[in-house]
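The sequence shown begins at 455 in my numbering and counts up one residue at a time.
All residues carry an ideal CB built from backbone N, CA and C; glycine is no exception.
Structure record follows, encoded as structure tokens.
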Amino acid sequence: MMFVYNILIRLLIAGMKVGAIFNYKLKKGLAGRRQSCDLVKSRFSSEDKIIWMHAASLGEYEQGLPVLEKLKEKFPKHKILITFFSPSGYDHVVSKKTIADVICYVPFDTEKWVGEFISHFKTDLFFTVKYEYWYHLLEGLKKQGAKVYVVSALFYETQVFFKAYGKWFVNQLKKNVDWFFHQTKHSTALAKGIGLKNSSTAGDTRYDRVRKLRDRDNSVAFIEEFKQDYKMVIFGSSWEAEERVAEIIAAKTKDVKIIIAPHDLKRVAHLKDLFPAAILYSQITDRQSLRFLNVKVLIIDCIGLLSKLYSYGDIAIVGGGFHSKGLHNILEAATFGIPVFFGNQYTKNPEADELVARNGGKAFEDEFFAAPYLLGLLNDEKLIKRMGANARNFIEEQPIASEIIVDQIVKRNL
Numbered sequence: 455m456m457f458v459y460n461i462l463i464r465l466l467i468a469g470m471k472v473g474a475i476f477n478y479k480l481k482k483g484l485a486g487r488r489q490s491c492d493l494v495k496s497r498f499s500s501e502d503k504i505i506w507m508h509a510a511s512l513g514e515y516e517q518g519l520p521v522l523e524k525l526k527e528k529f530p531k532h533k534i535l536i537t538f539f540s541p542s543g544y545d546h547v548v549s550k551k552t553i554a555d556v557i558c559y560v561p562f563d564t565e566k567w568v569g570e571f572i573s574h575f576k577t578d579l580f581f582t583v584k585y586e587y588w589y590h591l592l593e594g595l596k597k598q599g600a601k602v603y604v605v606s607a608l609f610y611e612t613q614v615f616f617k618a619y620g621k622w623f624v625n626q627l628k629k630n631v632d633w634f635f636h637q638t639k640h641s642t643a644l645a646k647g648i649g650l651k652n653s654s655t656a657g658d659t660r661y662d663r664v665r666k667l668r669d670r671d672n673s674v675a676f677i678e679e680f681k682q683d684y685k686m687v688i689f690g691s692s693w694e695a696e697e698r699v700a701e702i703i704a705a706k707t708k709d710v711k712i713i714i715a716p717h718d719l720k721r722v723a724h725l726k727d728l729f730p731a732a733i734l735y736s737q738i739t740d741r742q743s744l745r746f747l748n749v750k751v752l753i754i755d756c757i758g759l760l761s762k763l764y765s766y767g768d769i770a771i772v773g774g775g776f777h778s779k780g781l782h783n784i785l786e787a788a789t790f791g792i793p794v795f796f797g798n799q800y801t802k803n804p805e806a807d808e809l810v811a812r813n814g815g816k817a818f819e820d821e822f823f824a825a826p827y828l829l830g831l832l833n834d835e836k837l838i839k840r841m842g843a844n845a846r847n848f849i850e851e852q853p854i855a856s857e858i859i860v861d862q863i864v865k866r867n868l
């Protein structure tokens, strides 16, 4: 199986090289990986003790960050390395101020490439987030003597570990991972069922992060003036289906304001075609330019505002759930005590099932089921508040996962 795995990795590398000819993100990812070794070599010495967090992309980074921050508090003299697989996650984080000493791409998982990368420093503590497992990397770290953990692990029945040929992968995890901190009891049970006894349920660290969002300054310029005294619906990380719901609500309501923050800024031009009377956030220069009494739809044409915008909303519709691309973050909206709605085509989001079960949100088969329900809800202020309170309580009642995880890691590393 190691031979097969190595072949698959080489096919992945070859595929990315071919894809890079046509895809700018892939090209950036390849170029970034070529620089990773030089970067760690220049920033770290053999005497440094390193805490290394690996995240596939932005979502996993945000999931692991509460743990990383607490570990830095416990081990203030350690240096911090953060690696990504995805260019989108890397690009979002590398330009911001973080606690990391180095942010770079994870090397491709070949014995040679991994060996060169990790030879430039000594990792004291490594954790990967959710389900990103690179076997040469894990093996190399264990040979170095690093403690290796998985944070917010999420096992599900269709993973390779549960296939007839998955025993090899399970054995690699047994050998190279010290402990799995699982998001759910179901994930823990699945792991133990295939022999990964070094598992416990700690909860989802994303709840720790979104609880903290309420403590910061969430004001966004001009949004209070835009909302006035109307109900406001926030369409977060929207795709086509969610935007069709926005069209229906805009057409069939009078006293409702709508904010649309698309998942990709390339959609802004299309949104302006759908809503010709809408204004772009970047066009607002002062209160007068917004012409608040006449503007019903505001299109967010910049990044970084969405989690703050939810604090102004009465209802949130979060994108990605009406197709297989993946549901975006619903917890950032729920933490502000507003009901959250989304499509039901998700398989790796246990928090969505929980939120629906607690009546803090609702999932729909398609946008044509969603729109009539939302139109009715907008006329029922008591139900809006009740569902919003359920959503907030759902967030509040989750365990402080990062504390549970860090306490256990500290005990194991003393």
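- Cβ-Cβ distances below 6 Å link Asn625 to nothing in the same chain once the five nearest sequence neighbours on each side are left out.
- In the structure shown, Ala806 adopts helical secondary structure according to DSSP, grouped into three states.
- For Leu484, the enclosing alpha helix (DSSP H) begins and ends at Tyr478 to Arg497.
- In the DSSP assignment, Tyr559 falls within the unbroken beta strand (DSSP E) covering Val556 to Tyr559.
- In this structure, the CA atom of Ala656 is about 29 Å from the CA atom of Pro541.
- Secondary structure note for Phe623: it is in no beta strand (DSSP E), and the uninterrupted alpha helix (DSSP H) holding it is Lys621 to Asn630.
- With contacts defined as CB atoms closer than 8 Å, Pro804 and Thr659 fail to qualify as a contacting pair.
- Contact annotation, Leu595 with Phe580: C-beta distance approximately 5 Å; criterion of less than 8 Å satisfied.
- Of all C-beta pairs linking the region 528–538 to the region 556–569, three or more are shorter than 8 Å, placing the two stretches in contact.
- Residue pairing by DSSP places Tyr603 opposite Phe581 and Trp633 in a beta bridge.
- Residue range Lys503 to Ala509 is occupied by the beta strand (DSSP E) that includes Lys503, with no alpha helix (DSSP H) assigned at that position.
- DSSP links Ser653 through a beta bridge to Phe634.
- The beta-carbon distance between Arg846 and Ala787, rounded to whole angstroms, is 10 Å. This is too long to meet the 8 Å contact definition.
- For Phe680, the enclosing alpha helix (DSSP H) starts and ends at Ile677 to Lys681.
- Within its own chain, the residues whose Cβ lies closer than 6 Å to the Cβ of Pro716, once the five positions on either side in sequence are excluded, are Ser692, listed in chain order.
- Fully contained in the region 685–722 are the following alpha helix (DSSP H) runs of length 4 or more, in chain order: 694–706.
- Counting C-beta pairs closer than 8 Å gives fewer than three between the region 817–837 and the region 846–861, which falls short of the contact rule.
- In this structure, Leu785 sits near Val664, with a CB-CB distance shorter than 8 Å.
- Check the Cα spacing between Asn460 and each of Leu591, His574, Ile792 and Val548: the tightest is with Leu591.
- Note on Pro826: under 16 other CB atoms within 10 angstroms of its CB, so exposed under the neighbour-count rule.
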